[in-house]
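J.: FYI, this note's numbering numbers position 132 of the sequence shown as 132, with every residue one higher than the one before it.
Think of the CB as a built atom: it goes at the ideal place given N, C-alpha and C, for glycine as much as any other residue.
Computed from a predicted structure; not experimentally measured.
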Amino acid sequence: SALTIVRVRERGKVIKLAYVVDLGRKGLPLLRDPFQIRRVDYVIIESTYGNRVHEPIEEAKYQLQEVINRTYNRGGKIIIPSFAVERTQELLYYIHELMEEHKIPRIKVFIDSPLAVNITEVFRRYPDWFDEETQEYFRRGDDPFTHLNIEYVRSVDRSKELNEMNSPMIIISASGMAEAGRILHHLKNNIGNPKNTIMIVGFMAENTLGRKLADGWKEVPIFGEKHKVRAEVFVSHAFSAHADKNELREYVRRMGKVKKVFVVHGEETQSLELAIELQRLANVGKVIVPHEGDEVNLI
Numbered sequence: 001s002a003l004t005i006v007r008v009r010e011r012g013k014v015i016k017l018a019y020v021v022d023l024g025r026k027g028l029p030l031l032r033d034p035f036q037i038r039r040v041d042y043v044i045i046e047s048t049y050g051n052r053v054h055e056p057i058e059e060a061k062y063q064l065q066e067v068i069n070r071t072y073n074r075g076g077k078i079i080i081p082s083f084a085v086e087r088t089q090e091l092l093y094y095i096h097e098l099m100e101e102h103k104i105p106r107i108k109v110f111i112d113s114p115l116a117v118n119i120t121e122v123f124r125r126y127p128d129w130f131d132e133e134t135q136e137y138f139r140r141g142d143d144p145f146t147h148l149n150i151e152y153v154r155s156v157d158r159s160k161e162l163n164e165m166n167s168p169m170i171i172i173s174a175s176g177m178a179e180a181g182r183i184l185h186h187l188k189n190n191i192g193n194p195k196n197t198i199m200i201v202g203f204m205a206e207n208t209l210g211r212k213l214a215d216g217w218k219e220v221p222i223f224g225e226k227h228k229v230r231a232e233v234f235v236s237h238a239f240s241a242h243a244d245k246n247e248l249r250e251y252v253r254r255m256g257k258v259k260k261v262f263v264v265h266g267e268e269t270q271s272l273e274l275a276i277e278l279q280r281l282a283n284v285g286k287v288i289v290p291h292e293g294d295e296v297n298l299i
């Protein structure tokens, strides 16, 4: 996501408002680190993980390695609900590295999401926008999105065929919160088998199927029918692309003096707890958690 600065001039006065929503994290693969905004008057900032501290980014690759090996050894499938943009490509990057390092078997990987397939092709077309490490991959002809073990699934018929296969495999499919799309069919067909693993690698909003799985429900509704959760469910907080509480606080601290910060884009508990953290910063004047319909005069 883009970081936006709005400059407003009125009655001879200029104010600057920074819009910092979907703030990324430093050190993630593929993309460059977020740009640090400085010297603004007002900030609107997200709070998706306003009261949580993530596991270290380095844990993501290790956790993926452990889940793949554990599930492969028992002859199961790894089912991963994933956002089509960035998360799917990040997973492919790690899987490619793990295979090249001989830390996981050369297991078949299916990207079963037409949108994710299209977006991955866009990623491949513009390697200059990657971080330096990923650009180096491409310079030496090592494309993490294209190797013999990856199959990009477009047709519905091919998607259905995956459920008839019994060999170990990784299926990465949308939607990321398991509320719609082909992932529902894969969950329906694989959730009852204890050999399989459902790996949660992203934010799951309240009341979504993904959240129910992450919260440890033993029985979940899919297509209006209840299904026993017999597959292993592994929840990773290391993959998140959203900044956590400490990263959000540090980002605001590095801005310099700020008159007001408006905390949005989060469940109420997340927003309120982040507001408390930000109010402790010496460079911040006032922190507000607005509600729908609130009006604020900045001039």
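1) Of all the options GLU247, GLY50, LEU209, SER47, which has the alpha carbon lying nearest to the alpha carbon of LYS226?
2) Assuming PRO29 and GLU100 are in contact, meaning their beta carbons sit under 8 Å apart, how far apart are those beta carbons, in whole angstroms?
3) My output table needs one value for SER236: the three-state DSSP class, helix, strand or coil.
4) Taking 8 Å as the threshold, find out whether the stretch 76-87 comes into contact with the stretch 190-203 through three or more Cβ pairs.
5) Please report the Cβ distance between ILE150 and ILE119, rounded to the nearest whole angstrom; I am assuming they are in contact, meaning their Cβ atoms lie under 8 Å.
6) Per DSSP, ILE171 forms a beta bridge with which residues?
7) The beta strand (DSSP E) that contains LEU17, what's its start and end?
8) Threshold first: 3 residues or longer. Then list the beta strand (DSSP E) segments lying entirely within the stretch 235-295, N to C.
9) What's the C-alpha gap between ILE288 and PHE262?
10) If you check the beta carbons only, do GLY371 and LEU274 fall under 8 Å apart?
11) So, for THR88: in the same chain, excluding its five sequence neighbours on each side, which residues have a beta-carbon less than 6 Å away from its beta-carbon?
12) Would you mind working out which of GLU46, THR71, ALA84 sits nearest SER175, comparing C-alpha positions?
13) Buried or exposed: THR71, going by 16 or more other Cβ atoms within 10 Å of its Cβ?
14) Using only alpha-carbon positions, find the residue among ARG158, GLU232, ASN246, ILE5 that is nearest to GLY192.
15) Any idea what DSSP makes of LYS160, helix, strand or coil?
16) Give me whichever residues DSSP pairs with MET177 in a beta bridge.
17) For the stretch 38-50 and the stretch 10-26, state whether three or more C-beta atom pairs, one from each stretch, are separated by less than 8 Å.
18) Kindly list the residues whose CB is nearer than 8 Å to the CB of LYS228, restricted to its own chain and excluding five residues on each side of it in sequence; keep chain order.
19) Whole angstroms is fine: what's the gap from ARG230's alpha carbon to LYS188's?
20) Roughly how many whole angstroms lie between the Cα atoms of SER167 and ILE95?
21) Is the Cβ-Cβ distance between ILE107 and MET169 less than 8 Å?
22) Leaving out five residues on either side along the sequence, give the residues of the same chain with a beta carbon under 7 Å from the beta carbon of GLY256.
23) Report buried or exposed for THR134, applying the criterion of at least 16 other Cβ atoms within 10 angstroms of its Cβ.
24) Please confirm whether LEU213 and ILE200 have their CB atoms less than 8 Å apart.
25) What did DSSP end up calling GLU225 once you bin it into helix, strand or coil?
26) Since ARG253 and LEU272 should fall inside the 8 Å C-beta cutoff, what is the C-beta to C-beta distance between them, to a whole number of angstroms?
27) Any chance you could list the beta strand (DSSP E) runs of at least 3 consecutive residues sitting entirely within the stretch 183-215, in chain order?
28) Excluding the five sequence neighbours on either side, which residues of its own chain have a C-beta within less than 6 Å of the C-beta of PRO105, listed in chain order?
T.: Looking at the atomic coordinates:
1) The residue labelled residue 226 in the question sits at position 226 within the sequence shown. When GLU247, GLY50, LEU209, SER47 are compared, the shortest CA-CA separation from LYS226 is found for LEU209.
2) For this step, residue 29 is matched to residue 29 along the sequence shown. For this step, residue 100 is matched to residue 100 along the sequence shown. Taking a contact as a CB-CB distance under 8 Å, the pair PRO29 and GLU100 does not count as one, their CB atoms being some 14 Å apart.
3) Here residue 236 refers to the residue found at position 236 when the sequence shown is read from its first residue. SER236: coil per DSSP, three-state reduction.
4) These segments touch.
5) Working through the sequence shown from its first residue, we reach residue 150 at position 150. Working through the sequence shown from its first residue, we reach residue 119 at position 119. Not confirmed; about 14 Å, so no contact.
6) Position 171 of the sequence shown, counting from 1, holds the residue named residue 171. Answer by DSSP bridge pairing, in chain order: ILE79, PHE110.
7) Along the sequence shown, read from residue 1 onward, the residue named residue 17 stands at position 17. Residues 13-20.
8) 258-263, 284-288
9) Taking the sequence shown and counting its residues from 1, one reaches residue 288 at position 288. Taking the sequence shown and counting its residues from 1, one reaches residue 262 at position 262. Roughly 5 Å separates the two Cα atoms.
10) Missing from the structure shown is residue 371; the chain here goes from 1 to 299 and no further.
11) Locating residue 88 in the sequence shown gives position 88, where the first residue counts as 1. Hits under 6 Å: SER82, ALA116, ILE172.
12) Within the sequence shown, residue 175 is the residue found at index 175, counting from 1. Closest by alpha carbon: ALA84.
13) For the purposes of this step, residue 71 is identified with residue 71 of the sequence shown, where counting begins at 1. Answer is buried; the Cβ neighbour count reaches 16.
14) One-based indexing of the sequence shown puts residue 192 at position 192. Of ARG158, GLU232, ASN246, ILE5, the residue nearest in Cα terms is GLU232.
15) Taking the sequence shown and counting its residues from 1, one reaches residue 160 at position 160. In this structure, LYS160 counts as helix in the three-state DSSP scheme.
16) Mapped onto the sequence shown, residue 177 falls at position 177. Within the DSSP secondary-structure output, MET177 pairs in no beta bridge.
17) yes
18) As a working mapping, residue 228 is identified with position 228 in the sequence shown. Result list for LYS228: ILE191, GLY192, LYS218, GLU219, in chain order.
19) The sequence position of residue 230 within the sequence shown is 230, counting from 1. The sequence position of residue 188 within the sequence shown is 188, counting from 1. Answer to the nearest angstrom: the Cα atoms are 11 Å apart.
20) Counting from one through the sequence shown, the residue named residue 167 turns up at place 167. Counting from one through the sequence shown, the residue named residue 95 turns up at place 95. If I take the Cα positions, the gap works out to 18 Å.
21) The count along the sequence shown starts at 1 and reaches residue 107 at position 107. The count along the sequence shown starts at 1 and reaches residue 169 at position 169. Against a cut-off of 8 Å, the Cβ pair of MET169 and ILE107 comes out as a contact.
22) Along the sequence shown, one-based indexing puts residue 256 at 256. Cβ within range, chain order: ARG38, ARG39, ASN283.
23) Working through the sequence shown from its first residue, we reach residue 134 at position 134. Its Cβ being crowded by 16 or more others within 10 Å, THR134 is buried.
24) Walking along the sequence shown from the start, residue 213 turns up at place 213. Walking along the sequence shown from the start, residue 200 turns up at place 200. With contacts defined by Cβ atoms closer than 8 Å, LEU213 and ILE200 form a contacting pair.
25) For the purposes of this step, residue 225 is taken as the residue at position 225 of the sequence shown. Looking at GLU225 - three-state DSSP - the assignment turns out to be strand.
26) On the sequence shown, position 253 is the one that residue 253 refers to. On the sequence shown, position 272 is the one that residue 272 refers to. Wrong, their Cβ atoms sit about 19 Å apart, outside the cutoff.
27) Listed in chain order, the complete beta strand (DSSP E) runs (minimum 3 residues) inside the stretch 183-215 are 197-200.
28) By 1-based counting over the sequence shown, the position of residue 105 is 105. Here the set comprises TYR72.
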